[in-house]
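What follows is a short report on a single structure.
In this note's numbering, the protein residues as written are 3 to 145.
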């Protein structure tokens with residue numbers, strides 16, 4: 003998470019949290035890999051009647067395709083605010099790097115290091131507290 007946070011604090015586009023942390027390899031995952039039941043493959047180019055096909059023409063039969071798409075931040079609607087740096091990212095500040103440096107009224111919870119369920123939960127509370135301080139408005143966060 004620190005590497006993702008470092009990027010947004012420099013105004014660079016965030017990498018995904020998983021690209022930095024990796025995915026945990028549990029004993030069950032390791033065993034599945036060892037017996038050939040779990041094999042990472044590149045993205046296929048086509049879904050066929052009986053499975054999938056890659057650009058090189060190779061195919062894999064499949065009864066089920068479990069497509070975990072993940073997510074990517076979509077901030078085009080904020081373009082009129084001119085929040086992006088020349089580097090393409092948005093410079094973030096604040097305790098958990100959710101506050102936009104160019105406009106401290108804006109917090110992007112779910113962008114950069116808060117782009118995980120655990121990170122977003124903590125970051126949401128931190129953003130609310132920072133906004134309360136910035137706006138000097140009483141807010142009850144249940145604490």
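Every residue, glycine too, gets a C-beta built ideally from N, C-alpha and C.
{"query": "Residue from 61, 110, 82 and 39 with nearest C-alpha to residue 122", "result": "110"}
{"query": "C-beta contact flag for residue 16 and residue 91 at 8 Å", "result": "yes"}
{"query": "Environment of residue 9 [buried if 16+ CB atoms lie within 10 Å]", "result": "buried"}
{"query": "Extent of the continuous beta strand (DSSP E) run through residue 147", "result": "Residue 147 is absent from the structure shown; the chain starts at 3 and stops at 145."}
{"query": "Residue 101 in three-state terms, based on DSSP", "result": "strand"}
{"query": "Option nearest residue 94 by Cα separation, candidates 11, 5, 43 and 6", "result": "11"}
{"query": "Bridge-paired residues (DSSP) for residue 109", "result": "101"}
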